[in-house]
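Let me begin by presenting the structure, written as structure tokens, before commenting on it.
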Amino acid sequence: MAQPTPLWLIHNDASGSNDRDTLESMSTQCTDCGLRVAYRSSFPSDDLPTPAMLDAAGLGLVAVFAGDGTVNAALNALAGWGGKVLILPGGTMNLLYHRLFGNAEMEQVLQDAAAGTLSVRRPGIITSPLGNAYAGLLAGPGTSWNDVREAMRDTDVLGMASETREAFERTLNDEPLRCTQPALGREEGYPLLLLEPHEGAIEIYAYHAETTGEFFEQLMALAKHDFREGPHDSLGAVEAITLSGAKDGGFGVLLDGEPEIATKATRFELSKCEVDLLAMQTDD
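Under numbering that gives the first Met the number 0, the sequence shown has 176 at position 177, and the numbering climbs by one with no breaks.
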């Protein structure tokens, strides 16, 4: 009988999707499929494993069972490592997981990982002076809607009301964001831009909530736990784009859901992930 494949598990105890029962169930699924959790790290309480730590432990597989923000930190820490990384759906959105596995159930992905039938990919990602985005990034005053989503996820009714009011005000009044170099979309800019990495290009979408009806649509999208589903337009596909405030001011950015601030016009470019990811799909 084949020995189970050992792995280092990274998870996030602070995630609502990573409670004790869920983690125990996930570990049991690993065992049933022929995988063995040899070491584990709970980020951010524990340090993330480094390539040197993994090599010293004789491990060639890391599983990240967490949301996109923790996945982002883990892949940054593992850049240049010679092993393979298995992304699992342990968060709210799990955008990178769906890029790699479509709508496959986690149990099937674990079985395929243990059987060695998954392919290896280094998918396109977005790089910038602010950091990397493996699933996508949002930029502009409309990133304030993320605070509404967080309040909804935490079932914080009072917080949701407060954040919704602020998101309305910022979307309407803060400096809009423009696509320059190359120039795309309207010259006056947009309250929110979404950049999604794919194999050959970055897809750019412009979101707008400028009427009562569009704000209602945005709230409905939030209620479905995805404010990306709000009213938007496609601006095209590029290999690199510079974003700047309409008056060259700073703007908020969410890299895989994690907030950053751009203090000036910022260049975002398509690059390749610097570690091998297991995948079921060969295309985006």
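Beta carbons: idealized from backbone N, C-alpha and C, even for Gly.
Since this is a predicted model, take the numbers as computed values, not measurements.
Helix or strand or just coil, what does DSSP make of residue i?
{"i": "Asn-11", "result": "coil"}
{"i": "Asp-155", "result": "Because the pLDDT of Asp-155 is 49, which lies under 50, any placement of that residue in the model is unreliable, and the number read from its coordinates should be weighed accordingly. Looking at Asp-155 - three-state DSSP - the assignment turns out to be coil, as it is neither helix nor strand."}
{"i": "Arg-185", "result": "coil"}
{"i": "Thr-163", "result": "Note that Thr-163 has pLDDT 49, beneath the 50 cutoff, so the model's placement of it is unreliable and the number below is only indicative. If DSSP states are grouped into helix, strand and coil, Thr-163 belongs with the helices."}
{"i": "Glu-202", "result": "strand"}
{"i": "Asp-292", "result": "With the chain running from 0 to 283 in the structure shown, residue 292 is simply not present."}
{"i": "Pro-48", "result": "coil"}
{"i": "Glu-174", "result": "coil"}
{"i": "Ala-106", "result": "Residue identity differs from the one stated: residue 106 is Glu in this sequence, not Ala. Here Glu-106 sits in helix by DSSP."}
{"i": "Thr-4", "result": "strand"}
{"i": "Ala-78", "result": "coil"}
{"i": "Leu-34", "result": "strand"}
{"i": "Leu-60", "result": "strand"}
{"i": "Val-70", "result": "helix"}
{"i": "His-224", "result": "Bear in mind that the predicted position of His-224 carries a pLDDT of just 49, short of 50, making it unreliable; the figure below should be weighed with that in mind. If DSSP states are grouped into helix, strand and coil, His-224 belongs with coil."}
Between residue i and residue j, is the Cβ-Cβ spacing less than 7 Å?
{"i": "Thr-142", "j": "Ser-270", "result": "no"}
{"i": "Trp-7", "j": "Val-61", "result": "yes"}
{"i": "Gly-68", "j": "Glu-202", "result": "no"}
{"i": "Leu-193", "j": "Leu-137", "result": "yes"}
{"i": "Gly-135", "j": "Leu-191", "result": "no"}
{"i": "Ala-205", "j": "Asp-232", "result": "yes"}
{"i": "Leu-47", "j": "Ala-73", "result": "yes"}
{"i": "Pro-3", "j": "Leu-34", "result": "yes"}
{"i": "Leu-277", "j": "Ala-112", "result": "yes"}
{"i": "Leu-77", "j": "Val-274", "result": "yes"}
{"i": "Tyr-133", "j": "Asn-71", "result": "yes"}
{"i": "Pro-5", "j": "Ala-55", "result": "no"}
{"i": "Leu-254", "j": "Gly-130", "result": "yes"}
Determine the direct distance from the alpha carbon of residue j to that of residue i, and round the result to whole angstroms.
{"i": "Leu-95", "j": "Lys-246", "result": "33 Å"}
{"i": "Gly-244", "j": "Gly-235", "result": "19 Å"}
{"i": "His-197", "j": "His-97", "result": "13 Å"}
{"i": "Thr-163", "j": "Phe-100", "result": "Any reading at Thr-163 needs caution, since the residue's pLDDT is 49, under 50, leaving its predicted position unreliable; the model's value is listed next. C-alpha separation (whole angstroms): 33 Å."}
{"i": "Gly-89", "j": "Ile-9", "result": "10 Å"}
{"i": "Leu-58", "j": "Arg-39", "result": "12 Å"}
{"i": "Asp-12", "j": "Cys-29", "result": "18 Å"}
{"i": "Gly-115", "j": "Asp-31", "result": "15 Å"}
{"i": "Pro-128", "j": "Glu-187", "result": "24 Å"}
{"i": "Thr-179", "j": "Cys-272", "result": "25 Å"}
{"i": "Phe-267", "j": "Ala-182", "result": "14 Å"}
{"i": "Thr-265", "j": "Gly-81", "result": "31 Å"}
{"i": "Ile-240", "j": "Phe-250", "result": "15 Å"}
{"i": "Ser-44", "j": "Arg-185", "result": "44 Å"}
{"i": "Phe-42", "j": "Leu-242", "result": "31 Å"}
{"i": "Arg-120", "j": "Thr-91", "result": "23 Å"}
{"i": "Leu-117", "j": "Arg-19", "result": "28 Å"}
{"i": "Met-279", "j": "Ile-124", "result": "18 Å"}
{"i": "Pro-122", "j": "Gly-79", "result": "14 Å"}
{"i": "Tyr-189", "j": "Gln-110", "result": "44 Å"}
{"i": "Glu-195", "j": "Thr-49", "result": "27 Å"}
Going by the DSSP bridge assignment, what does residue i pair with across the sheet?
{"i": "Cys-272", "result": "The partner list for Cys-272 (beta bridge, DSSP) is empty, contrary to what the question assumes."}
{"i": "Thr-126", "result": "Asn-131 and Glu-268"}
{"i": "Arg-120", "result": "Leu-276"}
{"i": "Leu-136", "result": "Leu-194 and Leu-254"}
{"i": "Pro-88", "result": "Ala-65"}
{"i": "Thr-241", "result": "Thr-179 and Arg-266"}
{"i": "Lys-83", "result": "Leu-60 and Asp-275"}
{"i": "Arg-98", "result": "According to DSSP, which records beta bridges pairwise, Arg-98 is partnered with nothing at all."}
{"i": "Arg-39", "result": "Leu-8"}
Using a Cβ-based criterion (distance less than 6 Å to any ligand heavy atom), does residue i qualify as near the ligand HEM?
{"i": "Leu-87", "result": "The ligand HEM is not part of the structure shown, which contains no ligands of any sort."}
- the region 247-263 contacting the region 104-115, beta-carbon criterion three pairs below 8 Å: no
- Query: Below 8 Å, can you find three or more Cβ-Cβ pairs linking the region 18-29 to the region 66-86?
  - Reply: no
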